[in-house]
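Read through the structure below, which is laid out as structure tokens, and then see the notes.
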Amino acid sequence: MKQIIAPVLAAASLLAIGATARAQEVVKVGLIAPMTGPQAAAGRQMVAGAKLYMALNGNTVAGKKIELLVRDDTGVADVTRRLAQELIVNDKAAVISGFGLTPLAIAVGPLITQAKVPAVIMVAGTASIVASSPYFVRVSFTLPQQTAPGAEWAAANGIKTVVSMVSDYGPGLDAQNAFKAKFEEKGGKVLEQLRAPLVNPDFAPFLQRAKDLKPDALMVFVPAPVAGSVMRQVLDRGFPEAKIKVVGPGDAFDDEQLNAMGDGVLGSVTSYNYSAAHDSAENKKFVAEYRKANNETRPNVIAVGGYDGMHAIYAALAKTNGDSTGPKLIEAFKGLSWESPRGPLTIDAQTREPVQNIYIRRVERKDGELYHIEFATYPNQKP
Ligand code: VNL
Numbered sequence: 021m022k023q024i025i026a027p028v029l030a031a032a033s034l035l036a037i038g039a040t041a042r043a044q045e046v047v048k049v050g051l052i053a054p055m056t057g058p059q060a061a062a063g064r065q066m067v068a069g070a071k072l073y074m075a076l077n078g079n080t081v082a083g084k085k086i087e088l089l090v091r092d093d094t095g096v097a098d099v100t101r102r103l104a105q106e107l108i109v110n111d112k113a114a115v116i117s118g119f120g121l122t123p124l125a126i127a128v129g130p131l132i133t134q135a136k137v138p139a140v141i142m143v144a145g146t147a148s149i150v151a152s153s154p155y156f157v158r159v160s161f162t163l164p165q166q167t168a169p170g171a172e173w174a175a176a177n178g179i180k181t182v183v184s185m186v187s188d189y190g191p192g193l194d195a196q197n198a199f200k201a202k203f204e205e206k207g208g209k210v211l212e213q214l215r216a217p218l219v220n221p222d223f224a225p226f227l228q229r230a231k232d233l234k235p236d237a238l239m240v241f242v243p244a245p246v247a248g249s250v251m252r253q254v255l256d257r258g259f260p261e262a263k264i265k266v267v268g269p270g271d272a273f274d275d276e277q278l279n280a281m282g283d284g285v286l287g288s289v290t291s292y293n294y295s296a297a298h299d300s301a302e303n304k305k306f307v308a309e310y311r312k313a314n315n316e317t318r319p320n321v322i323a324v325g326g327y328d329g330m331h332a333i334y335a336a337l338a339k340t341n342g343d344s345t346g347p348k349l350i351e352a353f354k355g356l357s358w359e360s361p362r363g364p365l366t367i368d369a370q371t372r373e374p375v376q377n378i379y380i381r382r383v384e385r386k387d388g389e390l391y392h393i394e395f396a397t398y399p400n401q402k403p
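Heads up, our numbering is the position in the sequence shown plus 20, with the first residue counted as 1.
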């Protein structure tokens, strides 16, 4: 009897080990972000958002353990491409994510198409990116989506002439074109479209030119990490005293930096998909947990992108019941819909783009701090 039981027990324990190994099967998620360099704030915020989602929702989906692999591309597209290749080929990542700037997303398009690995865009906002590969999916926004409602609001609220000043690359040109198209359709006039270099910008000559043209408003787009520096120069140059308002998408009024901009930005009206003051239970929880985990800093559009990007990955994996093969996974992202801290968010099943509310907000002082207080909504905006 003993001789029989021993091998049976041994087999049983081997089975148990096998079951444990299966239960711990890992799905690797690459997150490529600028953790150093001039856009490092974007990397820090994106990773903080993604990690917060995992901390609040556990690291197991459909029986698979989710492992986050963070890589620093320093904001350089060639590095993004190399890291994506390493994540896919060496680490066998099932999905990659991140992309803090437009050129960094564009750089991985051909690679993900060939490898059939989904790439979740958490920030980059140039309209054309997602259509360049059937394996892109975007949870962030596009600049035309963010900008057009604000242009309409400006035209309907006493602003007749505008000069625009943007960072000279994809999202800046998208914002500039979308603003002009909508603003002029509604009867306004864009007097001049100025473009400052993305790298080491000196805004002074552009701001002087804009001020000399005496518009009712200056429309500004810069990537969110540059917001504090551009707004300081706008205020120092006396735009408020000259009664020139500042309008546009919310990037130049980044939530993390808003309070430090001071009273010169009080009353500014912009259009955007996210405000830290968004009035919902989901957002109150998100802001409180983010502050607790991140040295009391305020979450911004980029932090929400990281948080929602992880949600999309979890939800897609749950939908495939843990099957992380690329073609099945990319299908599962299509049509996902959930309540984000920003409000309701849907990934359009045809375009793989975010459909979301765009809010008109005014900078006000609330509980002793400056916030974007939303007061009008353009619902379910397609990119
Ligand atoms: C982009 C667009 C980057 C909006 C941003 O901050 C932003 C981009 C890093 O597409 O490069 O606020």
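Virtual Cβ for every residue (Gly too), placed ideally from N, Cα, C.
As the structure is a computational prediction, the values presented were derived from the model and not from experiment.
1) CA-CA distance, P130 and N315?
2) Hey, how far is the Cα of L238 from the Cα of R382?
3) Confirm, please, whether the CB-CB distance from F226 to D271 is below 7 Å.
4) If we cut at 7 Å on Cβ distances, does E389 have a partner in chain C?
5) Less than 8 Å between C-beta atoms, sequence neighbours within five positions excluded: which residues of the same chain meet that for K112?
6) Work out the CA separation of P235 and L211 for me, nearest whole Å.
7) Using the three-state DSSP reduction, which class does F156 fall into: helix, strand or coil?
8) Would you mind sorting P217 into buried or exposed? The rule is 16 or more other CB atoms within 10 Å of its CB.
9) On the DSSP letters alone, give me the boundaries of the alpha helix (DSSP H) that N110 sits inside.
10) Among the residues of its own chain, which have a CB less than 7 Å from the CB of K209, if the five just before and after it don't count?
11) Count the other CB atoms within 10 Å of the CB of V159; is the residue buried (16 or more) or exposed (fewer)?
12) Within 10 Å of its beta-carbon, does Q166 have 16 or more other beta-carbons around it, so buried, or fewer, so exposed?
13) If you count every other CB in all the chains shown that lies within 10 Å of the CB of K265, and 16 or more means buried, which is it?
14) Report the rounded CA-to-CA distance for A175 versus G207, giving the unit in angstroms.
15) Start and end of the beta strand (DSSP E) containing P374?
16) Please report the straight-line C-alpha distance between R252 and M142, rounded to a whole angstrom.
In short, the structure shows the following:
1) Position 110 of the sequence shown holds residue 130. Position 295 of the sequence shown holds residue 315. The straight-line gap from Cα to Cα measures roughly 38 Å.
2) To locate residue 238, count along the sequence shown from 1; it is residue 218. To locate residue 382, count along the sequence shown from 1; it is residue 362. Taking the straight line from one Cα to the other gives about 16 Å.
3) Position 251 of the sequence shown holds residue 271. Position 206 of the sequence shown holds residue 226. No; because the gap between Cβ atoms is not below 7 Å, this pair is not in contact.
4) No chain C is part of this structure, which consists of one protein chain only.
5) Locating residue 112 in the sequence shown gives position 92, counting from the first residue. Same-chain partners within the cutoff: K48.
6) Translated into the one-based positions of the sequence shown, residue 211 becomes position 191. Translated into the one-based positions of the sequence shown, residue 235 becomes position 215. Straight-line Cα distance between these residues: approximately 8 Å.
7) Taking the sequence shown and counting its residues from 1, one reaches residue 156 at position 136. Here F156 sits in strand by DSSP.
8) For this step, residue 217 is matched to residue 197 along the sequence shown. Answer is exposed; the Cβ neighbour count stays below 16.
9) Indexing the sequence shown from 1 puts residue 110 at position 90. Premise fails: N110 is in no alpha helix (DSSP H) and is neither H nor E.
10) Here residue 209 is taken as the residue at index 189 of the sequence shown, counted from 1. Excluding residues within five positions, the ones whose Cβ falls inside 7 Å are K180 and T181.
11) The residue labelled residue 159 in the question sits at position 139 within the sequence shown. Buried, since its Cβ has 16 or more Cβ neighbours within 10 Å.
12) The residue given as residue 166 occupies position 146 in the sequence shown. The residue in question, Q166, is buried, as its Cβ has 16 or more Cβ neighbours within 10 Å.
13) For this step, residue 265 is matched to residue 245 along the sequence shown. That one is buried.
14) Within the sequence shown, residue 175 is the residue found at index 155, counting from 1. Within the sequence shown, residue 207 is the residue found at index 187, counting from 1. Rounded to the nearest angstrom, the two C-alpha atoms are 7 Å apart.
15) As a first step, residue 374 is located in the sequence shown; it is residue number 354 there, counting from the start. Element bounds for P374: P374 to K386.
16) Taking the sequence shown and counting its residues from 1, one reaches residue 252 at position 232. Taking the sequence shown and counting its residues from 1, one reaches residue 142 at position 122. Their Cα atoms are separated by approximately 27 Å.
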